[in-house]
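Participant:
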Ligand code: SIN
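Residue numbers (the numbering used here): 196 to 466.
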């Protein structure tokens with residue numbers, strides 16, 4: 196059984212950080228689903244170079260979160276405010292989600308670099324949606340195989356606040372339809388494709404039945420046996436595969452500074 200949420204330190208980490216380490220890093224990621232290069236402590240430029248060894252960066256939708264020097268790097272910080280909304284602080288990603296599922300072509304992989312983390316707080320939890328799909332009762336598999344869900348930037352089931360968009364950002368993110376079960380383009384493994392924060396409804400079901408189904412799938416996919424909790428250290432690089440995982444940040448750190456650099460990598464249309 197593969198280790199979901201594998202931490203690489205020392206020589207193993209150094210090998211994966213080598214300029215020619217991209218293939219080995221991708222292999223490790225495909226196996227682990229989520230991995231950490233403990234204490235890599237990279238500059239913005241080196242972090243972006245590492246990301247480029249795995250794929251092509253995809254700029255973050257919200258322009259305001261893009262880094263000034265490296266626009267393919269975005270900053271995730273609890274100092275963010277919803278500038279176009281109520282102007283209040285906004286903690287991004289505090290409910291289960293997979294990155295950018297509201298795009299027709301969602302990001303394949305995300306890399307996060309911990310610039311600054313509050314001691315013992317602000318863990319990120321990851322759910323292995325391959326393992327969850329494998330273990331799902333046949334009855335549920337029969338209901339969801341071949342079924343689509345409609346994803347929206349701001350869905351009717353939205354539970355975690357999302358920043359208001361500019362008109363340009365809104366035009367880039369119309370509602371999209373994705374399968375509830377997707378097949379990984381590189382491993383061929385099937386996984387649940389859920390984004391509780393962005394799925395608006397399940398196609399072909401009443402809202403009531405669709406909501407009940409989504410609630411049941413979420414409860415199943417986030418059972419403790421499928422979840423890895425990452426306890427951050429400054430300088431950690433955590434990389435996850437959005438094609439077979441969900442994640443959420445533990446919103447327990449109040450105003451203690453927490454800042455990450457993030458790079459999203461381009462993916463393919465989920466099938
Ligand atoms: C994210 O949801 O992409 C960021 C998670 C985190 O801040 O730990």
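Positions of the beta carbon are idealized from the N, C-alpha and C atoms, including for glycine.
#1: Use the C-beta contact count for residue 436: other C-beta atoms within 10 angstroms, 16 or more gives buried, fewer gives exposed.
#2: Do residue 242 and residue 308 have their C-beta atoms within less than 9 angstroms of each other?
#3: Starting from the N-terminal side, write out each stretch of the beta strand (DSSP E) that is 3 residues or longer and does not extend beyond the region 308-367.
#4: For a test of the three-state rule: what should DSSP assign to residue 275, helix, strand or coil?
#5: Taking the Cβ atom as the reference point for each residue, do residue 466 and residue 377 lie within a distance shorter than 9 angstroms?
#6: Between the C-alpha atoms of residue 387 and residue 277, what's the straight-line distance to the nearest angstrom?
#7: Using only CA atoms, which one of 259, 452, 413, 382 lies nearest to residue 442?
#8: Report the rounded CA-to-CA distance for residue 294 versus residue 206, giving the unit in angstroms.
#9: For residue 267, count neighbouring C-beta atoms within 10 Å of its own C-beta (all shown protein chains included) and say buried if the count is 16 or more, exposed if not.
#10: How long is the line joining the alpha carbons of residue 397 and residue 406, rounded to whole angstroms?
#11: Under three-state DSSP, which class holds residue 416?
#12: Sorted by chain position, which residues of the same chain lie with C-beta nearer than 8 angstroms to residue 463's C-beta, five sequence neighbours on each side aside?
#13: Quick check on DSSP: helix, strand or coil for residue 208?
#14: Count the other C-beta atoms from every protein chain shown that fall within 10 angstroms of the C-beta of residue 253, then say buried if there are 16 or more, exposed otherwise.
#15: Would you say residue 274 and residue 391 are within 9 angstroms of each other, going by their C-beta atoms?
#16: Please list, in chain order, all residues of the same chain as residue 399 whose beta carbon is under 7 angstroms from its beta carbon, the five residues on each side excluded.
#17: Is any non-hydrogen atom of ligand 1 found closer than 8 angstroms to the C-beta of residue 456, if you look at the structure I gave you?
#18: I think residue 440 touches residue 323, with their Cβ atoms under 8 angstroms apart; what is that distance to the nearest whole Å?
#19: Could you check where the beta strand (DSSP E) with residue 421 kicks off and where it finishes?
#20: Around ligand 1, what residues have a beta-carbon under 5 angstroms from a heavy atom of it, in chain order?
#21: Counting C-beta neighbours from all protein chains within 10 Å, is the total for residue 310 16 or more, i.e. buried, or is it exposed?
#22: How about residue 344 and residue 306: do their beta carbons lie closer than 9 angstroms?
#23: Starting from residue 459, trace the alpha helix (DSSP H) in both directions and tell me its first and last residue.
#24: First and last residue of the beta strand (DSSP E) that includes residue 443?
#25: Which ranges does the alpha helix (DSSP H) cover as unbroken runs of at least 4 residues, wholly within the region 229-256, from first to last along the chain?
#26: Got a sec? Which residues, its chain only, sit under 8 angstroms from residue 239 by beta carbon, not counting five neighbours each side?
Facilitator: In brief:
#1: Residue 436 comes out buried.
#2: Yes. Within cutoff.
#3: If we require 3 residues or more, the beta strand (DSSP E) runs fully inside the region 308-367 come out as 319-323, 343-346.
#4: In this structure, residue 275 counts as coil in the three-state DSSP scheme.
#5: The beta carbons of residue 466 and residue 377 sit closer together than 9 angstroms.
#6: C-alpha of residue 387 to C-alpha of residue 277: approximately 31 angstroms in a straight line.
#7: For residue 442, the nearest C-alpha among the options comes from 413.
#8: In a straight line, the C-alpha of residue 294 is about 30 angstroms away from that of residue 206.
#9: Buried, because 16 or more other Cβ atoms sit within 10 Å of the Cβ of residue 267.
#10: Those two C-alpha atoms are separated by around 8 angstroms.
#11: Judged by DSSP in its simplified three-state form, residue 416 adopts helix.
#12: In chain order, 300, 303, 380 place their CB closer than 8 angstroms to the CB of residue 463, counting only its own chain and leaving out the 5 sequence neighbours on each side.
#13: In the structure shown, residue 208 sits in a helix (DSSP, three-state: H, G or I).
#14: Result: buried.
#15: Contact flag unset, no.
#16: Non-local beta-carbon contacts of residue 399 in its own chain, meaning distances under 7 angstroms to residues more than five positions away in sequence, involve 342 in chain order.
#17: Every heavy atom of ligand 1 is 8 angstroms or more from the Cβ of residue 456, so no.
#18: Contact holds; Cβ gap of about 6 angstroms.
#19: Where residue 421 is concerned, there is no enclosing beta strand (DSSP E), because DSSP gives it neither an H nor an E.
#20: A distance filter of 5 angstroms between CB atoms and the heavy atoms of ligand 1 selects the following residues in sequence order: 271, 288, 319, 444.
#21: Flag for residue 310 reads buried.
#22: Not closer than 9 angstroms, so no.
#23: In this chain, residue 459 is not harboured by any alpha helix (DSSP H); it is covered by the beta strand (DSSP E) spanning 454-460.
#24: Taken as a continuous stretch (DSSP letters only), the beta strand (DSSP E) holding residue 443 covers 440-444.
#25: Listed in chain order, they are 239-247.
#26: Within the same chain, residue 239 has close Cβ partners 262, 264, 265, 268, 456.
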